[in-house]
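**Student:** Counting from 1, one number per residue, gives the positions in the sequence shown under this note's numbering.
Sharing a structure below in structure tokens format, with a few things to ask.
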Amino acid sequence: MSTKENYNNILNQATHIALATETLDGHTPSVRVVNFLYFEDTPNTIYIATARDTTKVREIETNNHVSFTTLPVDGADAVRVTGATATQVNEKKPELFVAMDKKYDSFSFFDEAARANMNAYALTFPAAEVFAKGLNTITFD
């Protein structure tokens, strides 16, 4: 498979990412596992949603540069991104929530009030490392 095929395969199969932000006191990574969405028509972007009143949101608002890695699929295959930019995209919440409901059974537990209290973020990046039978890098224009 090509690097692009491996990249798409991993992001389509992965169920979670480990998202790293910087703590509010600065210079210390804070990592948590989160749900995410990937659409092949926007290959340099993944999407997350989270409650507005979380430390994660305050960290993103303070420093919107984040990094992430998928949890491994097919043994050890993963995609890793360093230096993505997190941008709030609440206007996309309706379509993202439909996709989240399809991907994650547990997302349906969030009622209207909980969903209204969420922010949606696009994590965009110029390149990603693809670990699939070796290490390769994919770049985006």
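Beta carbons are placed, not taken as given, at the ideal position from N, Cα and C, and that holds for glycine.
Would you mind reading off the limits of the alpha helix (DSSP H) that contains Ala120?
**Tutor:** Not the alpha helix (DSSP H): Ala120 falls in the beta strand (DSSP E), residues 118-124.
**Student:** Does Thr62 pass the burial test, meaning 16 or more other C-beta atoms within 10 Å, or should it be called exposed?
**Tutor:** Result: exposed.
**Student:** Which whole-angstrom value describes the C-beta separation of Leu19 and Arg58, a residue pair presumed to lie in contact below a C-beta threshold of 8 Å?
**Tutor:** Going by Cβ atoms, the distance from Leu19 to Arg58 rounds to 14 Å, so no, they are not a contact pair.
**Student:** Considering just the uninterrupted stretch of the beta strand (DSSP E) at Ala127, what are its terminal residues?
**Tutor:** Per DSSP, Ala127 belongs to the beta strand (DSSP E) from 127-131.
**Student:** Just to confirm before moving on: does the CB-CB distance between Ile60 and Ala86 stay below 7 Å?
**Tutor:** Closer than 7 Å, so yes.
**Student:** On the criterion of 16 or more Cβ atoms from any shown chain inside 10 Å, does Ala76 qualify as buried, or is it exposed?
**Tutor:** Exposed, because fewer than 16 other Cβ atoms sit within 10 Å of the Cβ of Ala76.
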